[in-house]
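Student: Protein chains in written order, with the working numbering: chain A, 1 to 211; chain B, 1001 to 1193.
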Amino acid sequence: MIKKSDIVKNGIIKNNPTFRLVLGTCPTLAVTTSVMNGISMGLATTFVLICSNIIISLLRNIIPDKVRIPAYILLIATFVIVVEMVLRAFLPDIYDALGLFISLIVVNCIILGRAESFASANTVLDSALDAVGIGAGFTFALMLMGFVRELLGAGSIFSWSIPVLSDCAMTIFILPAGGFFAYGFLMVIFNQLVKKAEERKKQKAEKGAER
Amino acid sequence: MNFYIVLIINAIFINNFVLSQFLGICPFLGVSKKTDTALGMGFAVIFVMGIASIITYAMSLLLDILDAQYLRTIVFILVIAALVQLVEMVIKKFSPSLYSALGVYLPLITTNCAVLGVAIMNVTNFVKVNLLISFINGAASGVGFTLAILLLAGIRERLERSQVPEPFKGFPITLIIAGVMSMAFAAFSGMVF
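1. What is the C-beta distance between cysteine 26 of chain A and threonine 1111 of chain B, in whole angstroms, given that I count them as a contact (C-beta under 8 Å)?
2. Starting from leucine 1029 of chain B, find everything on chain A with Cβ-Cβ shorter than 8 Å and list it in chain order.
3. Quick one: does threonine 1195 of chain B have its CB under 9 Å from some CB of chain A?
4. For valine 188 of chain A, which residues in chain B fall below 8 Å Cβ to Cβ?
5. Identify the residues that DSSP records as bridge partners of isoleucine 219 of chain A: which are they?
6. Could you check the C-alpha separation between serine 117 of chain A and isoleucine 1065 of chain B for me, to the nearest Å?
7. Between the Cα of threonine 45 of chain A and the Cα atoms of A:Met36, A:Ile94, A:Ser120 and A:Phe138, which residue gives the shortest distance?
8. What in chain A is Cβ-close to glycine 1117 of chain B, meaning under 7 Å?
9. Rounded to whole angstroms, what is the Cα-Cα separation between alanine 1140 of chain B and leucine 1150 of chain B?
10. Determine, for isoleucine 69 of chain A, whether the minimum Cβ-Cβ distance to residues of chain B falls below 9 Å.
11. Any beta-carbon of chain A closer than 9 Å to the one on tyrosine 1070 of chain B?
12. Short of 8 Å Cβ to Cβ, which residues in the stretch 177-208 of chain A face chain B?
13. Looking at C-alpha atoms only, which residue of A:Leu75, A:Ile157 and A:Arg60 is the closest neighbour of valine 124 of chain A?
14. List, in chain order, every chain A residue whose beta-carbon is nearer than 7 Å to that of serine 1182 of chain B.
15. Contact defined as beta carbons within less than 8 Å: I believe serine 127 of chain A pairs with isoleucine 69 of chain A. What is the distance between those atoms, to the nearest angstrom?
16. Rounding to the nearest angstrom, what Cα-Cα distance links tyrosine 1070 of chain B and isoleucine 81 of chain A in this structure?
17. Cβ of alanine 1119 of chain B within 9 Å of Cβ of valine 1018 of chain B?
18. Using a Cβ-Cβ cut-off of 9 Å, state whether methionine 143 of chain A counts as contacting chain B.
19. I'd like the span of the alpha helix (DSSP H) that includes threonine 1174 of chain B, first residue to last.
20. Is the Cβ of leucine 1078 of chain B closer than 9 Å to any Cβ of chain A?
21. Among residues of its own chain, excluding the 5 on either side of valine 98 of chain A, which ones have a beta-carbon nearer than 7 Å to its beta-carbon?
22. So the alpha helix (DSSP H) arginine 1158 of chain B belongs to, where does it begin and stop?
23. Can you list the residues of chain D that leucine 1019 of chain B reaches, using a CB-CB cut of under 7 Å?
24. In whole angstroms, what is the alpha-carbon distance linking threonine 171 of chain A and leucine 152 of chain A?
25. Give the range of the alpha helix (DSSP H) segment to which proline 176 of chain A is assigned.
26. If you measure beta-carbon to beta-carbon, which residues of the stretch 73-96 of chain A are closer than 9 Å to chain B?
27. When the cut-off is 9 Å and only beta carbons count, does phenylalanine 1135 of chain B lie next to chain A?
28. Closer than 7 Å, Cβ to any Cβ of chain A: which residues of the stretch 1029-1057 of chain B, in chain order?
29. Tell me the DSSP secondary structure of lysine 14 of chain A in three-state form.
30. If valine 48 of chain A sits next to valine 22 of chain A, beta carbons under 8 Å apart, how far is it from one beta carbon to the other, in whole angstroms?
31. In whole angstroms, what separates the C-alpha of leucine 212 of chain A from that of isoleucine 7 of chain A?
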């Protein structure tokens, strides 16, 4: 039995969807030209993920095994339409900035992946917590990507330009190529940090055992 | 005629789906370890994207008549899922060798965002769209995807034998290669017709 807090923590660090599982890469690269876009995409995906995980977990004994994938996709698509309509009505700026990629949350493999591997086999509460963790991990990763790309590419944060940096901005980080570079290097840094932390934990555990 | 040539060149090189629009990155990274599987995936995607463009275009006309455009996403994804299933059955029946070559990649096409992406773009981006334009755009975008995944697979096969720093092994180095490829493809955006 895993602790409830561990489910959330795993989603952010050990199973971070962007840097560890390498899922949902399309929005990660496409919308992270600024911090704001990254955060709003992350939150929209998190909302869909939480709703779909809860509903799928509730229905896990009712949906027949053979048609489960179409059933999941249909449920996910419903929530995506909800997000699409709400954004269009209340936050038209963000709707325009994210554009096509709001509809494409349907085919984000993180959501279908969590439905298939977690929500279809766990209780409602655990599934909801898992969705919160994974969603937080995804939002964090998108925010980080947006931060790095906006800082280096446009010399600004949250569209506030930074005096010296904005004069020597490297436009390539806003362009598609820079997205790939930023993702690659951030993945290396994140994985190294997680590895170091795990090694340290192991050493501590060994020391504890010796005593 | 000229318009169609521009459309094809635009979809394959200038606005390459993978390298400049970031659609279909998951299979691009996941299925690019060997050139032959990459090629198989590419052909399956061209096929599905071409046919899906036609059917989703017709469906969007129907939604326009019913005044229910808000159902677009849900209808399109269902059409694509059904189509992939159908393609799978047809290929299994008529060409078992191709079926075994494509293997698990066929069902994966449903969640390839390039397919849904081209379907939505077809009905939103063009001012004057017709059935032929959406079919050509869909199939040509598929060709662009195939070109990108094939190039990456070729590079990754070479990469197996080269010394990559330990932390960069696997996905990170692949992403950096994709970045270099994307820079090369960005040069096409200077083309003017």
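The C-beta atom is built at its ideal place from N, Cα and C for all residues, glycine as well.
Tutor: So, from the data block:
1. Here residue 26 of chain A is taken as the residue at index 26 of the first sequence, counted from 1. Here residue 1111 of chain B is taken as the residue at index 111 of the second sequence, counted from 1. Not quite, the Cβ-Cβ distance comes to about 11 Å (not below 8 Å), so this is no contact.
2. Residue numbering aside, residue 1029 of chain B sits at position 29 when the second sequence is read from its first letter. Result: Val22 and Thr25.
3. There is no way to answer for residue 1195 of chain B, as the model of chain B reaches only from 1001 to 1193.
4. To locate residue 188 of chain A, count along the first sequence from 1; it is residue 188. The answer, in chain order, is Pro1167, Phe1168 and Pro1172.
5. This structure does not reach residue 219 of chain A, given that chain A is present from 1 up to 211, and the question cannot be answered.
6. Your numbering for residue 117 of chain A matches position 117 in the first sequence. Your numbering for residue 1065 of chain B matches position 65 in the second sequence. Spanning the two alpha carbons is a distance of roughly 39 Å.
7. On the first sequence, position 45 is the one that residue 45 of chain A refers to. It is A:Phe138.
8. Residue mapping note: residue 1117 of chain B aligns to position 117 of the second sequence, counting from 1. Chain A residues near glycine 1117 of chain B: Leu100 and Leu104.
9. In the second sequence, counting from the first residue as 1, residue 1140 of chain B sits at position 140. In the second sequence, counting from the first residue as 1, residue 1150 of chain B sits at position 150. C-alpha separation (whole angstroms): 15 Å.
10. By one-based count along the first sequence, residue 69 of chain A stands at place 69. Interface residue, yes.
11. The count along the second sequence starts at 1 and reaches residue 1070 of chain B at position 70. Proximity of tyrosine 1070 of chain B to chain A, defined by a Cβ-Cβ separation below 9 Å, is satisfied.
12. Ala177, Gly178, Gly179, Phe180, Phe181, Tyr183, Gly184, Phe185, Met187, Val188, Asn191 and Gln192
13. As a working mapping, residue 124 of chain A is identified with position 124 in the first sequence. Per the Cα distances, A:Arg60.
14. Position 182 of the second sequence, counting from 1, holds the residue named residue 1182 of chain B. Near serine 1182 of chain B (Cβ distances below 7 Å), the residues of chain A are Pro176, Ala177 and Phe180.
15. As a first step, residue 127 of chain A is located in the first sequence; it is residue number 127 there, counting from the start. As a first step, residue 69 of chain A is located in the first sequence; it is residue number 69 there, counting from the start. About 17 Å separates the two Cβ atoms, so there is no contact after all.
16. If you number the second sequence from 1, residue 1070 of chain B lands on position 70. If you number the first sequence from 1, residue 81 of chain A lands on position 81. About 7 Å.
17. For the purposes of this step, residue 1119 of chain B is identified with residue 119 of the second sequence, where counting begins at 1. For the purposes of this step, residue 1018 of chain B is identified with residue 18 of the second sequence, where counting begins at 1. Remark: C-beta atoms of alanine 1119 of chain B and valine 1018 of chain B do not approach each other more closely than 9 Å.
18. Taking the first sequence and counting its residues from 1, one reaches residue 143 of chain A at position 143. Not closer than 9 Å to any Cβ of chain B, the Cβ of methionine 143 of chain A fails to qualify, so no.
19. Within the second sequence, residue 1174 of chain B is the residue found at index 174, counting from 1. Segment 1171-1186, the alpha helix (DSSP H) holding threonine 1174 of chain B.
20. To locate residue 1078 of chain B, count along the second sequence from 1; it is residue 78. Yes, because at least one Cβ of chain A sits closer than 9 Å to the Cβ of leucine 1078 of chain B.
21. Looking up residue 98 of chain A in the first sequence gives position 98. The sequence shown places leucine at residue 98 of chain A, rather than the valine named in the question. Here the set comprises Val31, Asn37, Ser40 and Met41.
22. On the second sequence, position 158 is the one that residue 1158 of chain B refers to. Counting along the chain, the alpha helix (DSSP H) containing arginine 1158 of chain B begins and ends at 1131-1159.
23. In the structure shown, chain D does not exist; the protein chains are A and B.
24. For the purposes of this step, residue 171 of chain A is taken as the residue at position 171 of the first sequence. For the purposes of this step, residue 152 of chain A is taken as the residue at position 152 of the first sequence. Threonine 171 of chain A and leucine 152 of chain A: Cα-Cα distance of roughly 8 Å.
25. In the first sequence, residue 176 of chain A corresponds to position 176, counting from 1. Looking at the DSSP string, the run of the alpha helix (DSSP H) that includes proline 176 of chain A is 176-210.
26. Ile73, Leu74, Ile76, Ala77, Thr78, Val80, Ile81, Glu84 and Met85
27. Numbered from its first residue, the second sequence carries residue 1135 of chain B at position 135. Output row for phenylalanine 1135 of chain B: interface = no.
28. Leu1029
29. Taking the first residue of the first sequence as 1, we reach residue 14 of chain A at position 14. Looking at lysine 14 of chain A - three-state DSSP - the assignment turns out to be coil, as it is neither helix nor strand.
30. Start at 1 with the first residue of the first sequence, and residue 48 of chain A comes out as number 48. Start at 1 with the first residue of the first sequence, and residue 22 of chain A comes out as number 22. Their Cβ separation, rounded to whole angstroms, is 20 Å, which puts valine 48 of chain A and valine 22 of chain A out of contact at 8 Å.
31. Coverage of chain A is limited to positions 1 through 211, which leaves residue 212 of chain A absent and any answer about it impossible.
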